[in-house]
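Engineer:
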Amino acid sequence: MAASASANVGVAFVHGTGQQSDAYNDYWTGSMIQSVIQGLPNSSNYTVINCDFTQYMWDSRASGCLAGQLTNFINNKGITQMTLITHSNGGNVVRWILSNPTWDSRFPNIINKTKEVIALAPSSGGTPLAEAVLSGNAFEQSLGWLLGYQNDAVRMQQESWMASYNANWLYGTAGRPSLPKPFVNVVGTDVESAIWDGDSYCGGYSQNVGLEFTQNWLDSCSDGFLNCSSQSAAGSVWFYDKWYTKGGEPLSHAQSRRNCFYLDSYLRNRI
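Just so we're aligned, residue 0 is where the sequence shown starts under numbering that gives the first Met the number 0, counting upward by one.
1) Which residue wins for smallest C-alpha separation from F52, given the options D25, Y45, A61, D196?
2) Give me, in chain order, the residues of the same chain whose beta-carbon lies closer than 6 angstroms to that of N226; leave out the 5 immediate sequence neighbours on both sides.
3) If you draw a straight line from the alpha carbon of E211 to that of Y200, how long is it in whole angstroms?
4) Please determine, among V236, P127, N215, V185, the residue with the shortest C-alpha to C-alpha distance to T244.
5) Taking Cβ positions, are L271 and F260 nearer each other than 8 angstroms?
6) On the DSSP bridge assignment, give the partners of N184 in chain order.
7) Note down, one range per segment and in chain order, each beta strand (DSSP E) of at least 3 residues found wholly within the stretch 2-34.
8) Just tell me which of S122, V116, W195, D21 has its CA closest to the CA of A232.
9) Report the three-state DSSP secondary structure of T82 (helix, strand or coil).
10) So, for G125: in the same chain, excluding its five sequence neighbours on each side, which residues have a beta-carbon less than 7 angstroms away from its beta-carbon?
11) Just checking, does the stretch 109-117 make contact with the stretch 33-49 on the three C-beta pairs under 8 angstroms criterion?
12) Can you tell me the Cα-Cα spacing of S134 and D151, whole angstroms?
13) If I measure Cβ to Cβ from D263 and keep anything under 7 angstroms in the same chain, skipping five residues before and after, which residues do I get?
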């Protein structure tokens, strides 16, 4: 999607579940962000969101915080067209803004300035692991690093809850109105964590080991946290990992927010 010659193009990186204060280093890593932003006409036109996404998506600390930071980015940089790159639950918070323009006076301008959303492994359909965390069983320990514990964002990402939100509050899923801007998904299909395989270390070896464990409770097509059906439930699929990744490598849920297997180059070329 080429920008018009007069557009002042920017990109915002929107993290997933969790309360972030330094998502640049702690969530995305500088190497991922610095690679992607080289695709911008002006590589300084980017922002990294830091909000409290342990809350429900409509909470002022979630979508309200996101709206505030995006509005400041638009105003401070004079952004006329931006791409939102989301990961996991960040896609749900963005879909809340896109689907509910009258909820907050800042939402319409954000929607107007958005060119498209690139949703990396979005939890659009929720995950069965959310119920497992809430039940307090063994998943609670194995998934603490990924989801946190019994917070509202985890409750929200239960499959039955997301089905209700998708049917009543959110756009972009089957049988619902389309989102006002393109929402394209990168879907992770598998996890590899063999200790002898160097590819298993991208994104953090221990995280990939954990995701391979949790994958046992998911569909055969999953990234260790989300089934492929959840990742592709809203908007449209841009690509399934193995279509384009280096060596046809899968992207685990940890790897889809890092510069693994050429993912960063595809994002760089698209923005």
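Here a beta-carbon is modelled for each residue, glycine too, at the ideal position from N, C-alpha and C. Since this is a predicted model, take the numbers as computed values, not measurements.
Structural biologist: Once the coordinates are examined:
1) The residue you call residue 52 lines up with position 53 of the sequence shown. The candidate whose alpha carbon is nearest that of F52 is A61.
2) Here residue 226 is taken as the residue at index 227 of the sequence shown, counted from 1. Excluding sequence neighbours, N226 sits near L217, D218.
3) In the sequence shown, counting from the first residue as 1, residue 211 sits at position 212. In the sequence shown, counting from the first residue as 1, residue 200 sits at position 201. So the two alpha carbons sit approximately 13 angstroms from each other.
4) Position 245 of the sequence shown, counted from the start, is the residue given in the question as residue 244. Checked all of V236, P127, N215, V185; the closest Cα to T244 is V185.
5) Since the displayed the chain opens at 0 and closes at 270, residue 271 lies outside it and no answer follows.
6) For the purposes of this step, residue 184 is taken as residue 185 along the sequence shown, with counting starting at 1. N184 pairs with A118, V236.
7) 8-13
8) Position 233 of the sequence shown, counted from the first residue, corresponds to residue 232. Among S122, V116, W195, D21, the Cα nearest to that of A232 is on S122.
9) Here residue 82 refers to the residue found at position 83 when the sequence shown is read from its first residue. The answer is strand: DSSP assigns T82 an E or B state.
10) As a first step, residue 125 is located in the sequence shown; it is residue number 126 there, counting from the start. Result list for G125: Q156, Q157, E158, W160, M161, S229, in chain order.
11) no
12) In the sequence shown, counting from the first residue as 1, residue 134 sits at position 135. In the sequence shown, counting from the first residue as 1, residue 151 sits at position 152. Spanning the two alpha carbons is a distance of roughly 14 angstroms.
13) Start at 1 with the first residue of the sequence shown, and residue 263 comes out as number 264. So the qualifying residues of the chain are M31, S34, V35.
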